[in-house]
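Undergrad:
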Amino acid sequence: AQDKKIIAVSIPAATHGWTGGVVYHAEQAEKEIEAAFPNIDVIVKTSPSAEAQVSALEDLSAAQKLDALVILPFTSEELTGPVQTVKEGGTFIAVVDRGLTDPAIQDLYVAGDNIAVGANTAKWLAEKLGNEGKIVVLRGIPTVIDDERIQGFTDVIKGTNIEILDIQYANWNQDEAFTLMQDYLAKYPQIDAVWANDDDMLLGVLEAVKQSGRTEIKYALGGNGMKDVIEMVMAGDPVTPISTPYPPSMIKSAIYMTAAQFSGQAPMRGSFKLDAPLITPENAEQFYFPDSPF
Amino acid sequence: MTSTTTNIARAEAPRRFRWADAGPFLALALVVLIGVVMNSSFMTGTNIANVVTRSAFIAIIAVGATFVISSGCLDLSVGSMMAFVTGIMILTMNRLEPSLGANAIFAGALVGLVVGALCGLANGLIVTLGKIEPFIATLGTMGIFRALITWMSDGGSIPIDRALRDPYRPVYFGNVLGVPLPVVITLIVVLAGAFLLYRTKYGRRCMAAGSNSEVARFSGVSVARVRTLAFVIQGLCVAIAAICYIPRLGAATPTTGQLWELQVITAVVIGGTLLRGGKARIWGTVAGALILEVIANLMVLSNMVSEYLVAAVQGVIIILAMLAHRFIR
Amino acid sequence: MTSTTTNIARAEAPRRFRWADAGPFLALALVVLIGVVMNSSFMTGTNIANVVTRSAFIAIIAVGATFVISSGCLDLSVGSMMAFVTGIMILTMNRLEPSLGANAIFAGALVGLVVGALCGLANGLIVTLGKIEPFIATLGTMGIFRALITWMSDGGSIPIDRALRDPYRPVYFGNVLGVPLPVVITLIVVLAGAFLLYRTKYGRRCMAAGSNSEVARFSGVSVARVRTLAFVIQGLCVAIAAICYIPRLGAATPTTGQLWELQVITAVVIGGTLLRGGKARIWGTVAGALILEVIANLMVLSNMVSEYLVAAVQGVIIILAMLAHRFIR
Amino acid sequence: MTMAAILPSAPAQPAAPAALVVPALQAEALGKTYGAITVLSDVTLDILPGEVHAIIGENGAGKSTLMKLLSGYVAPTEGQIALAGQQVAFADAVAAEAAGVVLVHQEILLAPDLTVAENLFLGRELTRGPMVDDRAMNRRTAEVLASIGAHCHPRDRVGGLPLAQRQLVQIARALLEPRRVVIFDEPTAVLANDEVAALLNVVRGLRSQGVAVLYISHRLDEVEALADRITVLRDGRKIGTWPAAGLSQRRMAELMVGRELDMLYPHKRPPATAEPLLQIEGLSVDHGAVEASLSVRPGEVLGIGGMIGSGRTELFEGLMGLRPSHAARIALAGKPVSDRTVRGWQAAGLVYLTEDRKGKGLLLDESLATNLTLQALDSLHPGPALDRRGELRALEQAVAEYDIRVRALDLNAGQLSGGNQQKLLLAKVMLTDPSVVIIDEPTRGIDIGNKSQIYDFIDRLVRAGKAVIVISSELPELVGLSDRVLVMRGGRITAELTGDEISEHSVVYAATSGEGQSAAPAEEGGGDPDDKHHHQHRPG
Ligand SMILES: Nc1ncnc2c1ncn2[C@@H]1O[C@H](COP(=O)(O)OP(=O)(O)OP(=O)(O)O)[C@@H](O)[C@H]1O
Ligand SMILES: Nc1ncnc2c1ncn2[C@@H]1O[C@H](COP(=O)(O)OP(=O)(O)OP(=O)(O)O)[C@@H](O)[C@H]1O
Ligand SMILES: [Mg+2]
Ligand SMILES: [Mg+2]
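Chains as they are written, first to last, in my numbering: chain C, 8 to 301; chain F, 60 to 388; chain X, 60 to 388; chain H, 21 to 560.
(1) Any heavy atom of ligand 1 closer than 7 angstroms to the Cβ of residue 427/H?
(2) In chain order, what residues of the same chain lie with their CB nearer than 7 angstroms to the CB of residue 158/C, ignoring the 5 residues before and after it?
(3) At a cut-off of 7 angstroms, is residue 83/H close to ligand 3 when judged by its beta-carbon and the heavy atoms of the ligand?
(4) Taking 7 angstroms as the limit between beta carbons, can you name the residues of its chain near residue 272/F, skipping five residues before and five after?
(5) Ordered along the chain, which non-local residues of its own chain (more than five positions away) have a Cβ less than 7 angstroms from that of residue 415/H?
(6) Who are the neighbours of residue 224/F on chain C, taking C-beta pairs under 7 angstroms?
(7) Taking residue 235/F as the query, report the chain C residues whose CB atoms sit under 7 angstroms from its CB, ordered along the chain.
(8) Using a Cβ-Cβ cutoff of 9 angstroms, what residues of the region 45 to 58 of chain C are near chain X? List them in chain order.
(9) Rounded to a whole number of angstroms, what is the C-alpha to C-alpha distance between residue 162/H and residue 337/H?
(10) Quick one: is residue 16/C near chain F, going by C-beta distance under 8 angstroms?
(11) Three-state secondary structure (DSSP) at residue 360/H?
(12) Is DSSP giving residue 365/H helix, strand or coil here?
(13) CB residue 79/C to CB residue 144/C, shorter than 8 angstroms?
(14) Note the first and the last residue of the continuous alpha helix (DSSP H) segment covering residue 84/C.
(15) Are there 16 or more other CB atoms within 10 angstroms of the CB of residue 207/C, so buried, or fewer, so exposed?
(16) For residue 539/H, would you say it is in contact with chain X, using Cβ-to-Cβ distances shorter than 8 angstroms as the test?
(17) From which residue to which residue does the alpha helix (DSSP H) around residue 165/H run?
(18) CB residue 142/C to CB residue 200/C, shorter than 8 angstroms?
(19) Pairs of beta-carbons, one from the region 151 to 164 of chain X and one from the region 259 to 276 of chain X, closer than 8 angstroms: are there three or more?
(20) Kindly say whether residue 381/X, judged by its beta-carbon, lies nearer than 8 angstroms to any beta-carbon of chain F.
(21) How about residue 422/H: is its Cβ closer than 7 angstroms to a heavy atom in ligand 1?
(22) Cβ of residue 79/H within 7 angstroms of any heavy atom in ligand 1?
(23) Would you mind working out which of 41/H, 300/H, 174/H and 276/H sits nearest residue 82/H, comparing C-alpha positions?
(24) Is the CB-CB distance between residue 175/F and residue 137/F below 8 angstroms?
(25) Mind listing, in chain order, the continuous beta strand (DSSP E) runs of no fewer than 3 residues lying wholly within the region 197 to 225 of chain H?
(26) Less than 8 angstroms between CB atoms is the rule here; does residue 139/F satisfy it with respect to chain C?
(27) Got a sec: which bits of the region 98 to 129 of chain H sit with their beta carbon under 7 angstroms from any beta carbon on chain F, in order along the chain?
(28) Leaving out five residues before and five after residue 130/C in sequence, what residues of the same chain have Cβ atoms less than 6 angstroms from its Cβ?
(29) Between residue 534/H and chain X, is there a C-beta pair that is closer than 8 angstroms?
(30) Does the separation of the CB atoms of residue 528/H and residue 498/H fall below 8 angstroms?
(31) Nearer than 7 angstroms: is that true of the beta carbon of residue 437/H relative to any heavy atom of ligand 3?
(32) Sorry if obvious, but does the Cβ on residue 126/H come closer than 7 angstroms to a heavy atom of ligand 3?
(33) Can you find the residues in the same chain that come closer than 8 angstroms, C-beta to C-beta, to residue 192/C, ignoring five residues on each side of it along the sequence?
(34) Exposed or buried, which one is residue 26/C when buried takes at least 16 other CB atoms within 10 Å?
(35) Taking 7 angstroms as the cut-off, is the CB of residue 248/H close to at least one heavy atom of ligand 3?
(36) How big is the Cα-Cα spacing for residue 140/C and residue 245/C?
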């Protein structure tokens, strides 16, 4: 076991749908890679907070020499220092989704683009609404991802005549989204479209709209490419005809890319940006993973 | 033994009205009044129906919590337990649907009640036999239930079978003579709870255990049994809430019921039940649950508060409501 | 009055050793033993240093909580308060850096202490003057502090100025004669806490207020003042924890310190302090904080548990540790 | 009794002695009402420095209330208080204490988690620099404890002490500093002879130092032995003040009750011969009793005597399964008992009445009916639901039968006077219709008029073929009631006295012999200890 190469994977704990997907794909990658490459040991660790993630990094690197670290940081600022410390021990660093504040630390960066998630949705919506109308927005837990998506979205909307009636937190929670949407519906007699910045919340929104029987709502959009929502897109749902991918499987790609160098290939370095193209009925098939929990 | 006749005459005198007991209801009236003044959408039928229906979950669970708290304990695990029971119920219903059809809902509900009761029993036994501070014991089981639902759902969600959605829907969205079904269920639970707490031997013993467990012990009350049973009742209430909850969104996720324990305890305490046990106010608990839901509703309806500060304003209003009914006496 | 002399002799008799008091330390020994058996990396110097250093935050805050709890109250707001104080400190330091340079750290720390004390004072006054159940009052302020940090950071994060990072780093990463600085600070806080609680009038009165507030009042102890001061001490401890925390993560976010309140209370109760007040075990509290941190560490080091189930195993271990030290007597 | 000699003969007028001495404390037309209930009205009273002024009266007469008014615990609704001639209005008990007026409560008021010394010095801790000086406080505590004959340790946790010790701690707390006025509210209700004697000496000591002492007791022998003047309260009003000299116990009782009293103790019954109802062999209780064996027959009153800390309470709490214990053999009516819990015993027909009514007996914040029926819920309500009317009927019946003096039936138990709480507790336990009754301190705090009722009650039980075990620290009671007496010492049963062997002297001797403590103090407590008849029948 001594000569095994160790790849540590540090990700957020499965506290809601998307992070649940991340954990799922990371564990899948672990199983597949360990089966395929007996000289590689993948260790997946989840942490419920930035604080705990820093602790996990300390623990992992104190317990063994890490050959590589694949990390999906809770936040950029808070994890930059600790990851740098790990790198100083000679570890290959792969960062997923949120880049560190000092990009020099990252040997490999598989970037999600949260701003694009918001911006692409907003562009599509603006076009469909003809740059007019009233919309409401549900946001997640106050974190960087949420902030970036909202920023991407609102920046685009500002350039149109669309009015954002309200933005409130629903904590990426279906249930809270349902409640919040009920209240939006009670408050605003005319809503042309809804954007929940995550598909988990979208499910709650749709349920509330269905209950209200209101028909003026032309679009209810989410993001992240949750499989239930992609099914809706595939079925050509008129209210939710699109989603944006933000596949939790990006963690799997990063683990594979990192593992490659230990299976005889040259180390992959550099930045790989995942785009956030719209998922439409035409291309939905390729974003659909029926076995994923997300 | 002469002085008795005058005393007997007084025995029939009606109980005096106490302002302190009316506190939660006055506080509720106050927030409703604020709602009416602040926002015209507040008093619409749909909005009121939504708010009242939504408060059903917290109210039902809080009825159970009233038992646990008045017996001198505390249960932090209710939110997680709710998610866990929901998960088990959905899995059961999905499994049984092919053979039982829509009847799988009943079977699943039954299984849910049993599982809820067992979860409560586990809490109760850890606290009473294990002699562990309820705060710690139920914090432990809170982690356990939450982890189990996360594991059962692989961190994703456990949706109910499509075939069951429609027959199950009315349990949350339906109504009886215009009264939403969850409200009817809440009323039944509250009435049953009030009967059990105020009108039965068990309720009496529950209060005695919370009021002074030594006196209860010396009076032949098995404090451990009473408390264990309170936890079981709590588990049953959680299961009933879960039964109403499933048709609302049709899925259990690792976030289901998150932080509900705090809301539940808040509702109970706002309602006038003493956190240290011995005094229970079931109807106050219901008022407490409504107050919380109305405040949350007002936060969305009003435009005055930055989205970032909603939690702050909610906190301030809760404190003010408590202050108000403290100084109204 | 012949028996005077014998009684006086008894007054000097040594304190008996009580197994129950040793409970938390035995439980700590137990989890450490489990660690040693389970994982060879556990007992390495670096790992132990890491774990002990990390437990500083919870330990320091829990020292304050020991005061609050033993005086008969409870503070649920510590986690949010920690985030809020951290935010204020970073903002202050960033603002002052251009003029003061590295000295901005001292200024910021001072501001942090003042703000922490004021937050604690607010909690204390709401509880004592407002006569609101501490659970509710601090649940309210928990929401308020959390909302304030969310608002201050616009839902994002407040990073510390790069120029301050390096001079500030040693406060978490440095050491004195090989002992990590946060551990030194924790020791100072614990010693000060133990002195205050066990050796001063204030500590005595704190326990009296928690044991029986009526008796304390009749004895001329101002229960309200004692409790308010306990909350202020809690606020100061939160600020001290925040001072150590900033160099570790370098930013305040709306999720900083989330759920710490539960960890803190767990540490205090595992340590042997009674949740109903009147009995305080400062050193036990420290053992409690270490137990929690060791368990979390073992979860990371060992590979036996599915990542979904970590919380469950943690819950089980906490309950088992409590059971063990309950039945060891 | 020098002071009494100066006083004019009965009934003394409050203003009269002022010419000679300035009263330490004066009450002027004091009154107290709770809502619509008047518990005290128009009481005028003075206490002189260096006198022991006894207050006597029936249960619920308002004695404790008056004491609370005088010591700042409760504010009067009418009237004034003067301290050394100066009008005062105490803001609270702390202010009264600062002015030198201290009250020893009828009910224990101590912080259970703190040690004895910590309780004594709470709010006035001794310090050295910033630190509390535990050494000095423990030393001083040990001195005060020794001076009143308490045997607990300054560092004992108060919550773990037996009731009597807690009472002594409370007394010690009052005596820690020099006082101008010390008020004792039934300090001896839970004390045994030795401790009573020591306390009476303490009170005499205070008197000789010029302290004014107000003293409430239902033990009229104590009052007779101690008091210089006696004030009688009835139904919240003052009947009058008399010099103690020349007021016999019998006359005191008549003044209190307002009618003639006859026999106090019932005639003894013929010796019981039936098979024992309860048999205990080799019962040991942790921290309490060692290898105790006893039995009681139907138709018999078994008395249990002993000093404080002899383990009587522990023995029976252990028997009830309320403390860890183990026994070789326990049988009730010939059948071995397996379920040794309060509930199991109750089902088998045995109940235990605790000595600690506040801590273990009554839910002070609950209604009278709730308290009364708590133990008998199962027999009172056959189904799961409560029959509230039935409860109310039971309450009315209990109020009549046990003469519980309440001014309204919707009070909480905590609002009853001490003696009436005791009666409620007795009623509560008897509601289960037991065949064996164990009563720990049956007449704790009960007035003389009601005492004989309770004795009659016990007599009737026994004559009906039941068995009663009475644990009592009041020797006359033990002697007057019991057919047989077991005496405990150091957790063991050391003597069995039957028939004519039963006397105060023999009990005291058995309880103390071999410990090097003299039995002498008993004489100071109750007059002539050997004269049984004196106690069994009131002369006249
Ligand atoms: N808070 C209260 N509310 C209503 N009534 C009260 C309250 N406190 C006391 N009482 C009533 O005042 C009366 C006098 O009580 P008090 O305790 O002074 O009697 P006491 O003379 O000390 O009797 P005992 O000998 O039994 O101790 C009682 O009838 C009691 O029920
Ligand atoms: N929890 C306890 N732990 C240790 N010792 C105890 C405990 N409770 C009581 N004791 C001791 O047990 C002995 C018996 O005490 P107890 O006062 O009950 O006897 P008693 O004869 O009933 O006296 P009383 O006149 O007070 O009723 C005493 O020495 C007491 O200190
Ligand atoms: Mg009294
Ligand atoms: Mg006793």
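The beta-carbon is built from N, C-alpha and C at its ideal position, and this holds for glycine as well.
TA: Reading from the atomic positions:
(1) By 1-based counting over the fourth sequence, the position of residue 427/H is 407. At least one heavy atom of ligand 1 is nearer than 7 angstroms to the Cβ of residue 427/H, so yes.
(2) Taking the first residue of the first sequence as position 1, residue 158/C is located at position 151. Excluding sequence neighbours, residue 158/C sits near 122 and 125.
(3) For the purposes of this step, residue 83/H is taken as residue 63 along the fourth sequence, with counting starting at 1. Result yes, Cβ under 7 angstroms from ligand 3.
(4) On the second sequence, position 213 is the one that residue 272/F refers to. Closer than 7 angstroms at Cβ, skipping near neighbours: 131 and 282.
(5) On the fourth sequence, position 395 is the one that residue 415/H refers to. Excluding residues within five positions, the ones whose Cβ falls inside 7 angstroms are 388, 389, 392 and 429.
(6) What you label residue 224/F is simply residue 165 of the second sequence in a count that begins at 1. Near residue 224/F there are no residues of chain C at all, since even the closest Cβ is about 10 angstroms away, more than 7 angstroms.
(7) Working through the second sequence from its first residue, we reach residue 235/F at position 176. Here the premise fails: no neighbours, minimum Cβ distance about 17 angstroms.
(8) 50, 51, 52, 53, 54, 55, 56, 57 and 58
(9) Position 142 of the fourth sequence, counted from the first residue, corresponds to residue 162/H. Position 317 of the fourth sequence, counted from the first residue, corresponds to residue 337/H. Computed Cα separation, rounded: 29 angstroms.
(10) In the first sequence, residue 16/C corresponds to position 9, counting from 1. It does not; no Cβ of chain F falls within 8 angstroms.
(11) As a working note, residue 360/H is residue 340 in the fourth sequence. Under the three-state reduction of DSSP output, residue 360/H falls in the coil class, being neither helix nor strand.
(12) Position 345 of the fourth sequence, counted from the first residue, corresponds to residue 365/H. The answer is helix: DSSP assigns residue 365/H an H, G or I state.
(13) Within the first sequence, residue 79/C is the residue found at index 72, counting from 1. Within the first sequence, residue 144/C is the residue found at index 137, counting from 1. For residue 79/C and residue 144/C, no; Cβs fall outside 8 angstroms.
(14) Translated into positions along the first sequence, residue 84/C becomes position 77. Unbroken alpha helix (DSSP H) run through residue 84/C: 83 to 95.
(15) For the purposes of this step, residue 207/C is taken as residue 200 along the first sequence, with counting starting at 1. Buried.
(16) Counting from 1 along the fourth sequence, the entry for residue 539/H is found at position 519. Any reading at residue 539/H needs caution, since the residue's pLDDT is 36, under 50, leaving its predicted position unreliable; the model's value is listed next. Closer than 8 angstroms: no.
(17) On the fourth sequence, residue 165/H is found 145 positions in, with the first residue counted as 1. Segment 154 to 167, the alpha helix (DSSP H) holding residue 165/H.
(18) On the first sequence, position 135 is the one that residue 142/C refers to. On the first sequence, position 193 is the one that residue 200/C refers to. In this structure, residue 142/C places its C-beta atom within 8 angstroms of the C-beta atom of residue 200/C.
(19) no
(20) As a working note, residue 381/X is residue 322 in the third sequence. At least one chain F Cβ lies under 8 angstroms of residue 381/X.
(21) Locating residue 422/H in the fourth sequence gives position 402, where the first residue counts as 1. Incorrect: residue 422/H has no Cβ contact closer than 7 angstroms to ligand 1.
(22) On the fourth sequence, residue 79/H is found 59 positions in, with the first residue counted as 1. Within the cutoff, so yes.
(23) Here residue 82/H corresponds to residue number 62 of the fourth sequence, with the count starting at 1. Nearest option by C-alpha distance: 276/H.
(24) Within the second sequence, numbered from 1, the residue matching residue 175/F stands at position 116. Within the second sequence, numbered from 1, the residue matching residue 137/F stands at position 78. In this structure, the beta-carbon distance from residue 175/F to residue 137/F does not fall below 8 angstroms.
(25) 201 to 205
(26) For the purposes of this step, residue 139/F is taken as the residue at position 80 of the second sequence. False, the Cβ-Cβ gap to chain C never drops below 8 angstroms.
(27) Within the region 98 to 129 of chain H, not one residue has a Cβ closer than 7 angstroms to any Cβ of chain F.
(28) If you number the first sequence from 1, residue 130/C lands on position 123. Closer than 6 angstroms at the Cβ level, and outside the excluded window around residue 130/C, lie 163.
(29) Along the fourth sequence, one-based indexing puts residue 534/H at 514. Unreliable positioning characterises residue 534/H in this predicted model, as indicated by a pLDDT of 48, which lies under 50. The coordinate reading is nonetheless provided below. Not one chain X Cβ lies under 8 angstroms of residue 534/H.
(30) As a position in the fourth sequence, residue 528/H is number 508, starting the count at 1. As a position in the fourth sequence, residue 498/H is number 478, starting the count at 1. For residue 528/H and residue 498/H, no; Cβs fall outside 8 angstroms.
(31) The residue labelled residue 437/H in the question sits at position 417 within the fourth sequence. Indeed, a heavy atom of ligand 3 lies less than 7 angstroms from the Cβ.
(32) Counting from one through the fourth sequence, the residue named residue 126/H turns up at place 106. Yes, the Cβ of residue 126/H comes within 7 angstroms of a heavy atom of ligand 3.
(33) Translated into positions along the first sequence, residue 192/C becomes position 185. The answer, listed in chain order, is 198, 215, 216, 219 and 221.
(34) Here residue 26/C refers to the residue found at position 19 when the first sequence is read from its first residue. When all chains shown are included, residue 26/C counts as buried.
(35) Stepping through the fourth sequence from its first residue, residue 248/H is reached at position 228. Checking the Cβ of residue 248/H against ligand 3 gives no.
(36) Your numbering for residue 140/C matches position 133 in the first sequence. Your numbering for residue 245/C matches position 238 in the first sequence. Looking at the two C-alpha atoms, the distance is approximately 18 angstroms.
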